[in-house]
Amino acid sequence: MALLLEAYQYLLENQSDFWHAVNTHLLLSFLALGIGVVICVPLGIYLAKTNRGSMVILNAVNIGRIIPSLAVLALAMPYIGVGFGPSLLALSLLVCPPILINTVTAFRELDKSVIEAAYGMGMDHRRVLRTVEIPLALPVIITGIKTAAVEVIASAALAAFIGGGGLGEYILNGIALAQTSLLLVGAIPIAILALLAEVIFGGIEKWTTPPLV
89 MALLLEAYQY LLENQSDFWH AVNTHLLLSF LALGIGVVIC VPLGIYLAKT
139 NRGSMVILNA VNIGRIIPSL AVLALAMPYI GVGFGPSLLA LSLLVCPPIL
189 INTVTAFREL DKSVIEAAYG MGMDHRRVLR TVEIPLALPV IITGIKTAAV
239 EVIASAALAA FIGGGGLGEY ILNGIALAQT SLLLVGAIPI AILALLAEVI
289 FGGIEKWTTP PLV
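Spelled out as structure tokens, the structure:
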């Protein structure tokens with residue numbers, strides 16, 4: 089309890105720095121998530137529909153999932169340097185696996201009879217994709233985005249190790265100075281943000297899921 093009070097007192101005395109760290113953390117996390125969505129959803133649709141190189145890419149992505157986040161940042165640092173930009177690039181790589189895998193899975197598991205019925209009604213490929221396939225695949229894709237969001241919010245704490253800023257700086261400084269209360273200033277908000285992301289994307293997932301007939 090004393091540690092929590094110390095952490096709270098620190099927050100009261102350093103509100104400006106704290107909210108700047110929160111903003112940086114969220115900016116890193118959601119820019120990386122946005123980049124992952126823009127790249128991986130179209131790529132996943134392409135791989136699911138064509139199967140061109142899908143096994144190679146998906147196997148590479150699955151291998152990438154087992155590499156710890158800190159290792160990705162450490163491996164990237166000699167090549168891309170330190171700071172916000174390199175941290176964003178490394179985190180963008182981390183969000184790709186769940187989004188890409190779920191997109192491919194969602195489109196491969198679509199009910200073929202529904203798609204054939206859409207074509208039978210005279211729809212072209214683009215209209216089928218836009219009005220039938222994407223709405224049906226969306227809940228599974230959102231699940232992948234939800235997983236990626238939670239992972240990137242947690243992993244963004246490690247960006248502090250390469251100068252990316254964010255709430256991870258409190259954790260890093262708390263460890264360096266052996267101050268558990270300072271560590272909590274970073275760790276507790278990160279846990280809350282990850283939980284909020286889980287709840288928000290869980291709600292979107294339910295909203296996009298078609299009702300059972």
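Residue numbering for the sequence shown follows my numbering, beginning at 89 and increasing consecutively.
All C-beta atoms, glycine included, are put in the ideal place defined by N, C-alpha and C.
Bear in mind the structure is a predicted one, so any value in this text is a computation, not a measurement.
By the criterion of a C-beta distance shorter than 6 Å, G251 is surrounded in its chain by V170, G171, once the five residues flanking it on both sides are discounted. A residue is called buried when at least 16 other Cβ atoms come within 10 angstroms of its Cβ; K234 meets this threshold and is buried.
In this structure I241 is buried. Its beta-carbon is surrounded by 16 or more other beta-carbon atoms within 10 angstroms. In the same chain as C128, and ignoring 5 residues on each side of it, the C-beta atoms closer than 7 Å to its own belong to C184, I187, L188, T191, in chain order.
For the set N150, E239, T268, G262, the Cα lying nearest the Cα of A120 is the one of E239. In this structure, V125 is the residue among A245, V125, L270 with its C-alpha nearest to the C-alpha of T231. In the DSSP annotation of this structure, the continuous segment of the alpha helix (DSSP H) that includes G256 starts and ends at 256 to 264.
Linking E101 to E257 through their CA atoms gives a straight-line distance of about 17 Å. Closest by C-alpha distance to I222, out of T112, T297, A90, S104, is T297. Its chain contains L135, A136, V192 as the residues whose beta carbon lies nearer than 8 Å to that of S142, once the 5 sequence neighbours on both sides are disregarded; these appear in chain order. S180 is positioned such that its CB atom lies no closer than 9 Å to that of I133.
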